[in-house]
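> Chains A and B, in that order, are what the protein sequence lines are.
This note's numbering puts the first sequence at residues 1 to 95.
This note's numbering puts the second sequence at residues 96 to 190.
Number of protein chains: 2
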Amino acid sequence: MIKVIAKGYIKLGEVDKFKEIASVLVKESRKEEENISYGLYQDANNEQILTFIEEWKDQSALDKHMKTSHFVDSMAKLSKFQEKDMDINIYNSCI
Amino acid sequence: MIKVIAKGYIKLGEVDKFKEIASVLVKESRKEEENISYGLYQDANNEQILTFIEEWKDQSALDKHMKTSHFVDSMAKLSKFQEKDMDINIYNSCI
Numbered sequence: 001m002i003k004v005i006a007k008g009y010i011k012l013g014e015v016d017k018f019k020e021i022a023s024v025l026v027k028e029s030r031k032e033e034e035n036i037s038y039g040l041y042q043d044a045n046n047e048q049i050l051t052f053i054e055e056w057k058d059q060s061a062l063d064k065h066m067k068t069s070h071f072v073d074s075m076a077k078l079s080k081f082q083e084k085d086m087d088i089n090i091y092n093s094c095i
Numbered sequence: 096m097i098k099v100i101a102k103g104y105i106k107l108g109e110v111d112k113f114k115e116i117a118s119v120l121v122k123e124s125r126k127e128e129e130n131i132s133y134g135l136y137q138d139a140n141n142e143q144i145l146t147f148i149e150e151w152k153d154q155s156a157l158d159k160h161m162k163t164s165h166f167v168d169s170m171a172k173l174s175k176f177q178e179k180d181m182d183i184n185i186y187n188s189c190i
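This is the structure we're talking about:
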């Protein structure tokens, strides 16, 4: 199992638009067979930080996800609402 | 439910020592009544990035955790092995 943390920095005034597009991505991604969990989270102290927290069966499952039309289309749309590129980390369980 | 992502940047050569202390913190934190999950994860592309991913019942549960001796003691020890302060975000579920 791998975890993905994809932290987005959203432009002021664009948070609701980001969430609207992200909700489609979340719902479609959860339908993928090798997805374990997929959610969008908002920083409790900074509403402009919105982060996808995801769990996938393995790297191959993540690779497949990144080629789906819902991922490619959503990421293109979401990029317009972000101040800069997302911080993305892929993690293996350690303890 | 809230999620905590605490991302640590570990000094070269100190990764094993960080993991050793962190394992005590993880095991003790999982015993707390209002903890939902608590794990340490290593970045798949950079072994010097080690991140705690945690779930707590609510902010009050997290506040209690941060006053426990296992948290206070471990964080003091872990700070020696880090290049800089952790990036810490507290999140509410959004989608």
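For glycine and all other residues, C-beta sits at the position ideal for the given N, C-alpha and C.
1. If you follow the beta strand (DSSP E) that A:Gln42 is in, where does it begin and where does it stop?
2. Which residue or residues does DSSP assign as beta-bridge partners of A:Ile49?
3. Excluding five sequence neighbours on each side, which residues of the same chain lie with their C-beta closer than 8 angstroms to the C-beta of B:Met96?
4. Going by the DSSP bridge assignment, what does A:Ser93 pair with across the sheet?
5. Return the CA-CA distance between A:Glu14 and A:Phe81, expressed in angstroms with no decimal places.
6. Give the single residue among A:Lys67, A:Val72, A:Ile95, A:Leu50 whose Cα lies nearest to the Cα of B:Ile185.
7. Would you give the residue range spanned by the alpha helix (DSSP H) that A:Gln59 belongs to?
8. Could you tell me which chain A residues have their CB closer than 8 angstroms to the CB of B:Tyr136, listed as they occur along the chain?
9. Short check: CB of A:Leu25 to CB of A:Ser79, under 8 angstroms?
10. Anything in the segment 47-69 of chain A with a Cβ closer than 9 angstroms to a Cβ of chain B? List those residues in chain order, please.
11. Could you check what DSSP says for B:Glu127 in three-state terms: helix, strand or coil?
12. With distances taken between CB atoms, is the gap from B:Ile183 to A:Lys19 smaller than 8 angstroms?
13. Give me the chain B residues within the contact set of A:Ser23, using Cβ-Cβ distance strictly less than 7 angstroms, ordered along the chain.
14. What does B:Ala139 reach in chain E if we use C-beta pairs closer than 9 angstroms?
On the basis of the supplied data:
1. The residue given as residue 42 of chain A occupies position 42 in the first sequence. 35-43 is the span of the beta strand (DSSP E), which, as asked, contains A:Gln42.
2. In the first sequence, residue 49 of chain A corresponds to position 49, counting from 1. Partner(s): A:Tyr9.
3. Reading the second sequence from its first residue, position 1 is the one you call residue 96 of chain B. Only Ile131, Glu150, Trp151, Lys152, Asp153, Ser188 meet the Cβ criterion.
4. Here residue 93 of chain A refers to the residue found at position 93 when the first sequence is read from its first residue. Note: A:Ser93 sits in a beta bridge opposite B:Tyr136.
5. Position 14 of the first sequence, counted from the start, is the residue given in the question as residue 14 of chain A. Position 81 of the first sequence, counted from the start, is the residue given in the question as residue 81 of chain A. If I take the Cα positions, the gap works out to 6 angstroms.
6. Stepping through the second sequence from its first residue, residue 185 of chain B is reached at position 90. Closest option to B:Ile185, Cα to Cα, is A:Leu50.
7. Mapped onto the first sequence, residue 59 of chain A falls at position 59. Counting along the chain, the alpha helix (DSSP H) containing A:Gln59 begins and ends at 59-65.
8. As a first step, residue 136 of chain B is located in the second sequence; it is residue number 41 there, counting from the start. Simply Lys3, Tyr91, Asn92, Ser93, Cys94.
9. In the first sequence, residue 25 of chain A corresponds to position 25, counting from 1. In the first sequence, residue 79 of chain A corresponds to position 79, counting from 1. At least 8 angstroms separates the beta-carbon of A:Leu25 from that of A:Ser79.
10. With the criterion set as a beta carbon lying under 9 angstroms from some beta carbon of chain B, the members of the segment 47-69 of chain A are Ile49, Leu50, Thr51, Ile53, Gln59, in sequence order.
11. Position 32 of the second sequence, counted from the first residue, corresponds to residue 127 of chain B. B:Glu127 falls in the coil class under three-state DSSP.
12. For the purposes of this step, residue 183 of chain B is taken as the residue at position 88 of the second sequence. For the purposes of this step, residue 19 of chain A is taken as the residue at position 19 of the first sequence. No; because the gap between Cβ atoms is not below 8 angstroms, this pair is not in contact.
13. Taking the first sequence and counting its residues from 1, one reaches residue 23 of chain A at position 23. Contacts between A:Ser23 and chain B, judged by CB atoms closer than 7 angstroms, involve Ile190 in chain order.
14. Within the model displayed, chain E is absent; protein chains A and B are what it includes.
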